[in-house]
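Yeah, the sequence shown ends on 345 if you go by numbering that gives the first Met the number 0, and it's all consecutive. The beta carbon of each residue, even a glycine, is placed where N, CA and C say it ideally should be.
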Amino acid sequence: MIEKLEEIKLKALDEVEKCNDEASINNAKSKYLGKKSEFSEIMSSMGKLSSDEKREVGAKSNEVRTIVTEAFSNRLKTIKDLELNKKLENDKIDLTLPSKKRKRGTKHPLTLVREEIEDLFISMGYDVVDGPEVDSDSNCFEMLNLPKGHPARDAQDSFYITQEMLLRTHTSTMQVRSMLANVDKKPFKIICPGKTYRRDDDDATHSHQFSQIEGLVVGRDISLSDLKGTLLLLARKMLGNDRDIRFRASYFPFTEPSYEVDVSCFNCNKKGCPMCKGTGWIEILGCGIVHPNVLENCGFDHNKYQGFAFGIGIERVAMLKYGITDIRNFYTNDYRFLNNFDRKEM
0 MIEKLEEIKL KALDEVEKCN DEASINNAKS KYLGKKSEFS EIMSSMGKLS SDEKREVGAK
60 SNEVRTIVTE AFSNRLKTIK DLELNKKLEN DKIDLTLPSK KRKRGTKHPL TLVREEIEDL
120 FISMGYDVVD GPEVDSDSNC FEMLNLPKGH PARDAQDSFY ITQEMLLRTH TSTMQVRSML
180 ANVDKKPFKI ICPGKTYRRD DDDATHSHQF SQIEGLVVGR DISLSDLKGT LLLLARKMLG
240 NDRDIRFRAS YFPFTEPSYE VDVSCFNCNK KGCPMCKGTG WIEILGCGIV HPNVLENCGF
300 DHNKYQGFAF GIGIERVAML KYGITDIRNF YTNDYRFLNN FDRKEM
């Protein structure tokens with residue numbers, strides 16, 4: 000048996016040098032040390048040997064197993080090292096070649112402005128809520144104090160899908176949804192950013208689709224001074240710390256009183272220039288105290304609760320903030336235009 004074990008060792012060591020991959024090594028190892036190998040047969044027949052023969056054959060078998068196993072392991076390591084070196088050689092990178100500058104995207108200017116406004120109002124305790132762009136005629140008009148036949152609805156050239164459903168003309172629909180969802184009728188503060196749609200001829204300052212942020216506060220003892228302080232903070236955050244605002248009386252069916260809000264021209268500082276058409280002021284949004292009918296329609300007692308609301312166009316703010324003169328630039332996806340906003344704010 001000693002001679003047979005020595006013969007197995009020599010044959011295995013000879014064959015291991017001929018193995019060129021992991022599969023051939025595994026096959027050879029199974030052939031010489033596996034369950035059906037001559038080596039295993041010798042191990043199985045050791046029970047018939049005397050004690051002295053067992054010690055001698057056992058020592059020899061351990062020697063053979065160790066040598067052959069190490070030979071296969073070393074050969075496998077050599078093969079893997081060769082494969083790795085070959086792969087590295089084929090995949091090597093020439094570091095002397097000039098690099099390719101990859102174009103990367105950036106946030107859209109409307110997204111930048113929306114997120115900046117959201118951050119401001121979140122810091123003041125407002126919730127940001129979202130709603131459907133397709134809404135009912137009731138939510139768009141009737142609940143907001145514009146009943147059927149109301150003259151103000153003639154100007155709302157809307158995209159109707161059915162007689163009762165349309166693309167929302169303003170994010171004020173979220174006023175209605177938020178107040179109706181407030182089952183306990185508790186005070187709340189929200190802003191509602193989103194897209195709105197109106198029939199309009201697209202030009203440098205108008206679009207049939209535009210983005211708006213609606214703001215709504217409902218609570219006790221809400222006054223016009225609360226609204227003015229909020230909008231002054233908004234104007235200074237978005238357009239500069241030295242901006243002033245002024246209120247001009249206006250009319251909206253869902254607020255009473257209603258106002259248009261102007262911001263002092265940041266180009267001439269109220270002196271008058273072409274940008275502000277010589278007035279020193281630029282219109283930025285509409286606002287007012289929530290009409291009692293709107294509160295009652297949504298389940299709030301107008302004798303106990305008051306509120307203010309405002310709606311601001313995101314495109315309008317972005318055009319003023321970044322000096323953009325054509326609203327259509329926001330929707331062309333021109334990389335040259337968008338690349339202007341790939342910078343950090345200082």
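**Report entry** Exposure of I189, with buried meaning 16 or more beta-carbon neighbours within 10 Å
**Finding:** Your numbering for residue 189 matches position 190 in the sequence shown. Counting Cβ neighbours within 10 Å, I189 comes out buried, since at least 16 surround it.
**Report entry** For L75 and L12, the rounded distance between their alpha carbons
**Finding:** In the sequence shown, counting from the first residue as 1, residue 12 sits at position 13. In the sequence shown, counting from the first residue as 1, residue 75 sits at position 76. Going by the C-alpha atoms only, they are around 13 Å apart.
Query raised in the report: Using the beta-carbon count (16 or more within 10 Å), is K8 buried or exposed?
Result: Looking up residue 8 in the sequence shown gives position 9. Answer is buried; the Cβ neighbour count reaches 16.
Query - N- and C-terminal bounds of the alpha helix (DSSP H) containing S362 - result: Outside the shown range of the chain (0 to 345) lies residue 362, about which nothing can therefore be said.
Query raised in the report: Between Y321 and E314, what straight-line distance do the alpha-carbon atoms span, to the nearest angstrom?
Result: Mapped onto the sequence shown, residue 321 falls at position 322. Mapped onto the sequence shown, residue 314 falls at position 315. Approximately 10 Å between the Cα atoms of the pair.
Query - Reference S135, options G271, R167, T105, closest by Cα - result: The sequence position of residue 135 within the sequence shown is 136, counting from 1. If we check each option's Cα against that of S135, R167 comes out closest.
Query raised in the report: Residues bridged to L223 by DSSP?
Result: Mapped onto the sequence shown, residue 223 falls at position 224. Bridge partners of L223: none, in fact.
Report task. For R335, count neighbouring Cβ atoms within 10 angstroms of its own Cβ and tell me buried if that reaches 16, exposed if not. Result -> The residue you call residue 335 lines up with position 336 of the sequence shown. Counting Cβ neighbours within 10 Å, R335 comes out exposed, since fewer than 16 surround it.
Report task. Name the two residues that bound the continuous alpha helix (DSSP H) containing T254. Result -> To locate residue 254, count along the sequence shown from 1; it is residue 255. No alpha helix (DSSP H) holds T254; the beta strand (DSSP E) holding it covers 254 to 263.
Query raised in the report: Shortest alpha-carbon distance to R198 belongs to which of S157, Y31, M123?
Result: To locate residue 198, count along the sequence shown from 1; it is residue 199. It is S157.
Query raised in the report: Can the beta-carbon of A27 be found less than 8 Å from the beta-carbon of E14?
Result: Walking along the sequence shown from the start, residue 27 turns up at place 28. Walking along the sequence shown from the start, residue 14 turns up at place 15. Yes.
Query raised in the report: Would you say the segment 106 to 118 touches the segment 257 to 264, given that touching needs at least three Cβ pairs under 8 Å?
Result: no
Query raised in the report: So is Y159 buried or exposed if we call it buried at 16+ other beta carbons inside 10 Å?
Result: For the purposes of this step, residue 159 is taken as residue 160 along the sequence shown, with counting starting at 1. With fewer than 16 Cβ atoms within 10 Å of its Cβ, Y159 is classed as exposed.
Requested in this report: Give me the Cα-Cα distance between Q211 and T195, rounded to the nearest whole angstrom.
Outcome: The residue given as residue 211 occupies position 212 in the sequence shown. The residue given as residue 195 occupies position 196 in the sequence shown. Cα to Cα, the separation comes out at about 7 Å.
Report task. Measure the C-alpha to C-alpha separation of S49 and A22 and round it to an integer number of angstroms. Result -> Residue numbering aside, residue 49 sits at position 50 when the sequence shown is read from its first letter. Residue numbering aside, residue 22 sits at position 23 when the sequence shown is read from its first letter. If you take the alpha carbons of S49 and A22, they lie about 39 Å apart.
Report task. Kindly indicate the opening and closing residues of the beta strand (DSSP E) around V182. Result -> Taking the first residue of the sequence shown as position 1, residue 182 is located at position 183. Where V182 is concerned, there is no enclosing beta strand (DSSP E), given that its DSSP letter is neither H nor E.
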